[in-house]
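Numbering (mature numbering (1 follows the signal peptide of the UniProt record, and there is no 0)), first residue to last: -20 to -1, 1 to 534.
Here you go:
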């Protein structure tokens, strides 16, 4: 099962009398979790597996380490698709007889029967069991990559605080790659799904290097040198995105414990270079406050410890003096302090950092939309897919209270409902319990404005905000001939064919802005005092009510 690799290996095993550890604790600790996930780009439920595994990692960032193994039939690429498979991954899949996806192994422990492979629904509970168990072995790992030579030096240690039941254990060191964009069935992101913790090679033999002394006080200290190729299966190997995981097993199965690490980097020719990579997507929102999240990468050799981050929203500038630590070629997502802004239909945000050795990457800008605005009468049309029993939805007000909800439903069924809403900001949440959403939903107010729209392949959940002005559309057939122009307008609106009607103008939050009674056949309405934005005019005559939307632009 072992393979020959073009790498140099220096290792030693000490009875820790005259030598000491450098990266591993000598005190008894609980086990860490190594979660190996079997996945593939054509596996529709695998994004849910990725989500579950990442959630376990997020809850235990220093004690859980993920290895995503692309293997089996669902990992076979189609024409033009990337091949994420590895010989190591296929060997592991075959050895354990994996035939369902996603599935995984938590420390390769056999929970029942004769296989450690379990479904994603059991990963969290099994991980909690492992995390609660004491370990007779601690593991540590660190790595350094020279970006010029692409050489990685990996240093792994293990320390036995107790005796192993096996006279020989095995050390496995895996190289992973993060942030690889590619296709993923069920991911809802086309070819831009972000593949994380992807196994690209096992630096040791597939089943590990033997450790022949496994008694209390033994220190395992091994260093591996390996050159990262330009590509794995024609998929670019980006050194910035590499990650290492090391673990020690009793045999091929039963991982005792393990650890993982991001490498440090050398050979970078630029000393100081802070790059603003991106601003986290801001969905259409009703809010007029914002705490942007920005990803900043250190493209220079020197560690970044402070930054004066400037961010402008619709031209209003703010500065945040950040302190922390971003090592070379690492990145960090920084949440900037919440600020108020004057909302526009389309809002612009620009984030920048001070001048350094490379000013070409010092700023990033993006736009986000104001949430759509509608009347108080909202119609929902929902069409389930072939798995209607997986569909759920709810409608929440600005305080997070659920005011409407529904599901599950029959398969391939159309559901139509009408909501009469008060003035507020609402959030519609569409949920698929299997994380492969195919249900189609449209929310439309009684003027025909689309407030929310989802058309299949949206994953586990899709959400959207909209404003309601609380004006209900009731019996408006008598007012069909009314016209309102120009639209957009700046100072004056013309209202025609509404003789003797009463009018009320509301903003998108339902606040009454102006009103007039008993208007003429051709009424001119002064709107010069209105700010730019969207407004609604409620027109009432006898028992008829109509609502017209207009935009003020100056």
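Note that the Cβ used here is the ideal one computed from N, Cα and C, for glycine as well.
- By the beta-carbon neighbour count (other beta carbons within 10 angstroms, threshold 16), residue 445 is buried.
- Within the same chain, Cβ atoms closer than 8 Å to the Cβ of residue 251 are found at 280, 281, 282 and 337, the five residues on either side in sequence being excluded.
- Residue 145 is a Cβ neighbour of residue 230, given a cutoff of 9 Å.
- In the DSSP assignment, residue 371 falls within the beta strand (DSSP E) that extends over 371 to 376.
- Taking 8 Å as the upper bound for CB-CB distance, residue 363 and residue 375 are not in contact here, some 18 Å apart.
- Bounds of the alpha helix (DSSP H) holding residue 34 are 26 to 39.
- When DSSP states are grouped into helix, strand and coil, residue 103 belongs to the helix group.
- Approximately 5 Å separates the beta-carbon atoms of residue 275 and residue 313; this is inside 8 Å, confirming the contact.
- Taking the C-beta atoms as reference points, residue 48 is found nearer than 9 Å to residue 19.
- No Cβ-Cβ contact shorter than 9 Å links residue 505 with residue 479.
- With contacts defined as CB atoms closer than 9 Å, residue 447 and residue 307 fail to qualify as a contacting pair.
- Taken atom to atom, the span from the alpha-carbon of residue 370 to that of residue 415 is near 9 Å.
- By the C-beta density criterion, residue 492 is exposed, having fewer than 16 other C-beta atoms within 10 angstroms.
- Listed in chain order, the non-local C-beta contacts of residue 46 below 6 Å within the same chain comprise 15, 33, 37 and 177, local neighbours out to five positions each way being set aside.
- By the criterion of at least three beta-carbon pairs nearer than 8 Å, the region 315 to 332 is not in contact with the region 421 to 432.
- Considered as a whole, the region 374 to 457 harbours 382 to 386, 394 to 400, 404 to 412, 420 to 425, 430 to 435 and 441 to 448 as its complete beta strand (DSSP E) runs of no fewer than 3 residues, in chain order.
- Residue pairing by DSSP leaves residue 192 without any beta bridge partner.
- One Cα belongs to residue 13, the other to residue 53, and the distance between them is close to 27 Å.
- For residue 503, the closest of 524, 475 and 520 by C-alpha to C-alpha distance is 475.
- Just so you know, the alpha carbons of residue 296 and residue 321 end up roughly 7 Å apart.
- Excluding sequence positions up to five before and after residue 89, its CB lies within less than 8 Å of the CB of 96, 106, 110, 233, 234 and 235, all in the same chain and listed in chain order.
- Between residue 484 and residue 468, the alpha-carbon positions lie close to 18 Å from each other.
- Runs of beta strand (DSSP E) with 3 or more residues, each lying fully within the region 228 to 269, are found at 235 to 241, 244 to 246 and 254 to 259, listed in chain order.
- According to the DSSP assignment, residue 68 belongs to no beta strand (DSSP E) but to the alpha helix (DSSP H) extending over 67 to 76.
- Taking the Cα positions, residue 77 is about 14 Å away from residue 99.
- In this model, residue 443 and residue 263 are separated by some 9 Å (Cα to Cα).
- Here the alpha carbon of residue 507 sits roughly 25 Å from the alpha carbon of residue 402.
- Taking 9 Å as the cut-off, the beta carbon of residue 166 is found closer than this to the beta carbon of residue 23.
- Excluding its 5 nearest sequence neighbours in each direction, residue 133 has C-beta neighbours in its own chain below 6 Å: 124 and 205, listed in chain order.
- The beta carbon of residue 184 lies closer than 6 Å to those of 152 and 153 in the same chain, with the five residues before and after it left out.
- When the beta-carbon positions are compared, residue 343 and residue 256 come within less than 9 Å of each other.
- The beta carbon of residue 305 is closer than 7 Å to those of 283 and 285 in its chain, skipping five residues each way along the sequence.
- For residue 311, the CB contacts under 8 Å within the same chain, skipping 5 residues up- and downstream, are 257, 275, 276, 277 and 278 in chain order.
- For residue 159, there is no enclosing beta strand (DSSP E), as DSSP marks it with neither H nor E.
- In this structure, residue 67 lies away from residue 207, with their beta-carbon atoms at least 9 Å apart.
- In the same chain as residue 345, and ignoring 5 residues on each side of it, the C-beta atoms closer than 7 Å to its own belong to 328, 329 and 330, in chain order.
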